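Protein chains in written order, with my numbering: chain Y, 1 to 399; chain C, 1001 to 1364.
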Amino acid sequence: MINLELPQKLTQVQQMAQQLASGVFRPISRKYDAIEHCDTPEELKPVAQMMAAMSGGGKKGSGKGSDGIKNGANMMGIMGVEAMCWGDVGLMLSIPGSGLGNAAISAVGTPEQKQQYGKLYCAMAITEPGAGSDSAAISTTAVRDGDEWILNGEKIYCTGGQRCDAVVVWATLDKALGKAAIKSFIVPRDNPGMSLVRVEDKMGLRVSDTAALSLNDCRIPVDHVLGSAEIADTEEARKKAFGGVMQTFDNTRPQVAAMALGVARAALEITREIYEKEQVSADFSKLPYNSTARELELYRLEADLEAARLMTLKAAWMADNGQPNSKEASMCKAKAGRMGNEVTLKCVALCGELGYSERTLLEKLARDSKIIDIFEGTQQIQQLIVARHLLGLSSKELK
Amino acid sequence: MDSAPFDLTLTEEQRITRENMLRFARDTLSPAARAADDAASPDAALVAGIQEFGLALMPIPEALGGVGMPRSPLSNALACEDLGQGDMSHTLAALQTMGVVNVLVEGGSEEQQERLLPGLASGEAGQAAVALTEPRATFEPTELATQAVSEGSEYRLNGTKSLIPMGEACGLFVVVAATESGPAGFLVSSDLPGVSVKAEPAMGLRSAALATLELQDVAVSEADRLSGFDLPRLQALSWIGQCALAVGCCQAVLDYSIPYVKERKAFGEPIAWRQSVAFMVADIGIELEGMRLLMLRAASRAEQGLSFYREAYLAHLQCMEKAMQIGTNGIQLFGGAGFVRDYPLEMWYRNLRSIAVLHGSLVV
Chain Y
1 MINLELPQKL TQVQQMAQQL ASGVFRPISR KYDAIEHCDT PEELKPVAQM MAAMSGGGKK
61 GSGKGSDGIK NGANMMGIMG VEAMCWGDVG LMLSIPGSGL GNAAISAVGT PEQKQQYGKL
121 YCAMAITEPG AGSDSAAIST TAVRDGDEWI LNGEKIYCTG GQRCDAVVVW ATLDKALGKA
181 AIKSFIVPRD NPGMSLVRVE DKMGLRVSDT AALSLNDCRI PVDHVLGSAE IADTEEARKK
241 AFGGVMQTFD NTRPQVAAMA LGVARAALEI TREIYEKEQV SADFSKLPYN STARELELYR
301 LEADLEAARL MTLKAAWMAD NGQPNSKEAS MCKAKAGRMG NEVTLKCVAL CGELGYSERT
361 LLEKLARDSK IIDIFEGTQQ IQQLIVARHL LGLSSKELK
Chain C
1001 MDSAPFDLTL TEEQRITREN MLRFARDTLS PAARAADDAA SPDAALVAGI QEFGLALMPI
1061 PEALGGVGMP RSPLSNALAC EDLGQGDMSH TLAALQTMGV VNVLVEGGSE EQQERLLPGL
1121 ASGEAGQAAV ALTEPRATFE PTELATQAVS EGSEYRLNGT KSLIPMGEAC GLFVVVAATE
1181 SGPAGFLVSS DLPGVSVKAE PAMGLRSAAL ATLELQDVAV SEADRLSGFD LPRLQALSWI
1241 GQCALAVGCC QAVLDYSIPY VKERKAFGEP IAWRQSVAFM VADIGIELEG MRLLMLRAAS
1301 RAEQGLSFYR EAYLAHLQCM EKAMQIGTNG IQLFGGAGFV RDYPLEMWYR NLRSIAVLHG
1361 SLVV
């Protein structure tokens, strides 16, 4: 039965995350934005412990409704991420143990790998100086040498690459064989073959460490490959193998969309608070075009946020209910990514000096929001995926 | 007890209804829409075909000739979306009467319901329409130019109402007019002295035969003032209806464009293989998804008896802007072929602009 309201189970998750966001994140948001480079903030260590404890007992909450409809782990993730990013998106990404590598290990890792690395903080290294959105073009190599893999290459834009315990590194077994030869490998952070080149200085998301890593004859045990080490030799099997890697994105893209939802809601709430003090009441009392420019702009932004929010919930709901959601995952990421950027930038403009100066968090939110339309697949990559789905075209036809 | 889960699954009944309506939209409405648009007149068989689904009958008590089902704004919205895929104009024209029935069921007195609902149910009373929109650029529903002045046991109505689908065929209007106590709804029969209706063709919705209603010193009795009239609710329910129409029409734009851009070749390959074209298609799909979910949320809140004015307002704002973007991009994808009248794109473009200017037209 069609119902787009959230059940208590989900609003409770949101409330808990919101408490964390307002009690822990917001008070230190400015401080760490200014510090930029540091070890994991002390304030986040108890948060990581709390979340690890919660994820152990999380299964209980994902039970089916009376008609078999699930509002499960994916939707709960959306609620948590949205509310935490209302507090501070960079701080949320800096919570130890919440790395993208963790998502990959929990999705495709062996029981031994999960046992060894599941509770650690695992980052993910895909991007290279010469390969960004085109992840099939990576040139970091992995060569088998007896009981070990030897990895060589340069990785950049690795979120958590400085502070993590291990990195899931994408590398190719044979570049001539394309996508099918790309595998991911778990590399402990203290492996002497992997060195930290630098931590990037960024416009926003400053508290989150973005690292460049160099792999020089980096040796890891042979069982540290994620998934099968076989290179698929038929077209079908190749698609399946790379598709498996890409499928992780169907679950993670709505979570990244949720980051944009949180950032945008924060900007709109601050703007409304400022407007209240200055007697601008956007209360829907007049038709859009009879409203003031300020009111109309707020309505537009709220409508955009609401559309992105519902699309994100839908994509997560489909995942929770076992429905293929690749198109919807990209749709919500595209909509939320551009919405988050538009909303935060407009809110700065709508609040004048109060938006642009550091008096409020608006300017910071506008700096933070930009990356959400870039990482985990840029706006244009999402459009490409959506277009291929809608048009039924392959990546050879629609490049 | 936990509350109901977030869910986008149609009930079995909704699913079957949807299948039937989409088939009617595809096989019957859509092929006949162009001829009716050219003729600037509704196709009577199509109007009857839509009305045979019985949406207006649903909430009318059995004793008054209806089905006696609970009001269901959500089912009505789904119907508007499905039929809107076939043709916005006919759907709007044919479902006007449903809107009046819904207003009467929710805001009419027992006497008014007993007097009017049987005729609307049987069809003997002809079409009926809500008359809210006025011909002013700065029109605002709470600042009406149409006045109802109390004179003893009567009201005198003066003013002009516009954009009324099939206005000339209507036997009954719910006229929204300003009174000393704020906006009120009046039941105005088309044969009352001082009532005149004339055709007022517009950019689009041509087969809906839009008309203007003139009220000159029309005497309406106290008994014809709607006791439980709720203007914000009427506005919001009608926004949902219009959004649903827009969603349906935009889905038609998307479905129609996909095969064309895959077949049409330029520079030696299908234009769909170019990102500039493919990304327009992607954005149509993305914005349409947002429009649909905003509309559904407002409708499902109305269905559940929750407040829904804000949600309907936001859905309407998003739909009126994004639907027009989709309408204009639909033509753009077809190039010159979108501009000529061999294809439906230009008709959809003209029809979609109406979402921004209609008020009170499709109370779901």
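Glycine is no exception: its CB is placed at the ideal position from the N, C-alpha and C atoms.
Since the structure is predicted, the reported quantities are computational estimates derived from the model, not experimental observations.
Residue i, enclosing alpha helix (DSSP H) - first and last residue
i: asparagine 1020 of chain C; result: 1012 to 1024
i: glutamine 113 of chain Y; result: 111 to 117
i: proline 1031 of chain C; result: 1030 to 1039
i: glycine 1171 of chain C; result: Segment 1170 to 1179 is the beta strand (DSSP E) holding glycine 1171 of chain C; no alpha helix (DSSP H) there.
Other residues of its chain near residue i: CB distance less than 8 Å, five sequence neighbours each side excluded
i: glutamate 112 of chain Y; result: Asp223
i: methionine 1001 of chain C; result: Reliability of the predicted coordinates at methionine 1001 of chain C is poor, the pLDDT of 48 falling under 50, and no value is obtained from them.
i: glycine 1065 of chain C; result: Leu1057, Leu1117, Pro1118, Ala1121, Ser1122
i: alanine 282 of chain Y; result: Arg272, Tyr275, Ser291, Arg294, Glu295, Leu298, Tyr299
i: methionine 1280 of chain C; result: Asn1329, Gln1332, Leu1333
i: lysine 60 of chain Y; result: Confidence at lysine 60 of chain Y is low in this model, with a pLDDT of 45, below 50, so its placement is unreliable and no value can be given for it.
Exposure of residue i, with buried meaning 16 or more beta-carbon neighbours within 10 Å
i: aspartate 147 of chain Y; result: exposed
i: glutamate 128 of chain Y; result: buried
i: alanine 1039 of chain C; result: exposed
i: lysine 179 of chain Y; result: buried
i: isoleucine 35 of chain Y; result: exposed
i: leucine 1306 of chain C; result: exposed
i: glutamate 1062 of chain C; result: exposed
i: methionine 1098 of chain C; result: buried
i: phenylalanine 1053 of chain C; result: buried
i: threonine 292 of chain Y; result: exposed
i: threonine 344 of chain Y; result: buried
i: serine 1207 of chain C; result: buried
Sequence-distant residues of its chain with Cβ nearer than 7 Å to residue i (five each side left out)
i: valine 386 of chain Y; result: Lys327, Ser330, Met331, Ala334
i: isoleucine 1331 of chain C; result: Gly1338, Phe1339, Leu1345, Glu1346, Tyr1349
i: isoleucine 95 of chain Y; result: Leu44, Val47, Ala48, Met51
i: alanine 1077 of chain C; result: Ile1240, Gly1241, Ala1244, Met1295, Ala1299, Val1364
i: alanine 1025 of chain C; result: Asp1082, Leu1083, Gln1085, Gly1086
Residue i: first and last residue of the uninterrupted beta strand (DSSP E) it sits in
i: cysteine 158 of chain Y; result: 148 to 159
i: asparagine 321 of chain Y; result: Run containing asparagine 321 of chain Y: none; DSSP gives neither H nor E here.
i: lysine 396 of chain Y; result: Neither: lysine 396 of chain Y is in no beta strand (DSSP E) and is coded neither H nor E.
i: glutamine 1216 of chain C; result: 1211 to 1221
i: cysteine 351 of chain Y; result: Per DSSP, cysteine 351 of chain Y belongs to no beta strand (DSSP E) and is neither H nor E.
i: glycine 1049 of chain C; result: Segment 1044 to 1051 is the alpha helix (DSSP H) holding glycine 1049 of chain C; no beta strand (DSSP E) there.
i: methionine 124 of chain Y; result: 122 to 125
i: arginine 198 of chain Y; result: 194 to 199
i: cysteine 218 of chain Y; result: 210 to 221
i: threonine 141 of chain Y; result: 141 to 145
i: arginine 1350 of chain C; result: From DSSP, arginine 1350 of chain C is part of no beta strand (DSSP E) but of the alpha helix (DSSP H) over 1345 to 1352.
i: alanine 1128 of chain C; result: 1127 to 1131
i: glutamate 1151 of chain C; result: 1147 to 1151
i: asparagine 1158 of chain C; result: 1154 to 1164
i: alanine 1199 of chain C; result: 1195 to 1199
Cβ-based neighbour list, residue i, same chain, cut-off 6 Å, excluding 5 preceding and 5 following
i: methionine 84 of chain Y; result: Ala17, Ala21, Met92
i: threonine 140 of chain Y; result: Gly153, Ala171
i: glutamate 1311 of chain C; result: Arg1297, Ala1298, Arg1301
i: serine 214 of chain Y; result: Glu154, Ser195, Val197
i: alanine 1211 of chain C; result: Ile1164, Gly1167, Glu1168, Val1197, Ala1199, Glu1200
i: threonine 1133 of chain C; result: Ser1162, Leu1163, His1359
i: alanine 316 of chain Y; result: Asn74, Met75, Ile78, Pro254
i: serine 1361 of chain C; result: Ser1238
i: alanine 1094 of chain C; result: Val1047, Ile1050, Gln1051
Proximity to residue i [Cα-Cα], best of the options
i: threonine 252 of chain Y; options: Y:Cys38, Y:Gln15, Y:Val13, Y:Met75; result: Y:Met75
i: leucine 992 of chain C; options: C:Gln1235, C:Thr1328, C:Ser1276, C:Glu1303; result: The displayed coordinates of chain C run from 1001 to 1364. Any statement about residue 992 of chain C would go beyond what the structure contains.
i: tyrosine 157 of chain Y; options: Y:Ser394, Y:Ile371, Y:Leu391; result: Y:Ile371
i: asparagine 102 of chain Y; options: Y:Gly87, Y:Thr110, Y:Lys119, Y:Asp88; result: Y:Lys119
i: tryptophan 1273 of chain C; options: Y:Leu390, Y:Lys399, Y:Asp88; result: Y:Lys399
i: tyrosine 121 of chain Y; options: Y:Ala107, Y:Thr110, Y:Leu361, Y:Leu100; result: Y:Leu100
i: valine 1357 of chain C; options: C:Gln1242, C:Leu1192, C:Val1103; result: C:Gln1242
i: serine 395 of chain Y; options: C:Leu1293, C:Gly1228, C:Leu1231, C:Gln1275; result: C:Gln1275
i: leucine 1157 of chain C; options: C:Thr1179, C:Thr1138, C:Thr1142; result: C:Thr1179
Check whether the segment 1022 to 1041 of chain C and the segment 1080 to 1100 of chain C touch, using three or more Cβ-Cβ pairs below 8 Å as the test.
Under the Cβ criterion (8 Å, minimum of three pairs), the segment 1022 to 1041 of chain C counts as touching the segment 1080 to 1100 of chain C.
Under 8 Å, with one C-beta from each stretch per pair, do the segment 1005 to 1025 of chain C and the segment 347 to 355 of chain Y reach the 3-pair mark?
Counting Cβ pairs under 8 Å, fewer than three are found: no touch.
Spell out a yes or no on whether the segment 154 to 168 of chain Y and the segment 179 to 194 of chain Y are touching, meaning 3 or more CB-CB pairs, one atom from each, closer than 8 Å.
Taking 8 Å as the limit for Cβ pairs, the verdict is that the segment 179 to 194 of chain Y does touch the segment 154 to 168 of chain Y.
Tell me, please, whether the segment 1242 to 1257 of chain C touches the segment 1128 to 1145 of chain C by the rule of three or more beta-carbon pairs shorter than 8 Å.
The segment 1242 to 1257 of chain C, when compared against the segment 1128 to 1145 of chain C, does not touch it at the 8 Å Cβ threshold.
Mind the definition here: the segment 1144 to 1156 of chain C touches the segment 1178 to 1196 of chain C only if three or more C-beta pairs lie below 8 Å; say whether that holds.
Taking 8 Å as the limit for Cβ pairs, the verdict is that the segment 1178 to 1196 of chain C does touch the segment 1144 to 1156 of chain C.
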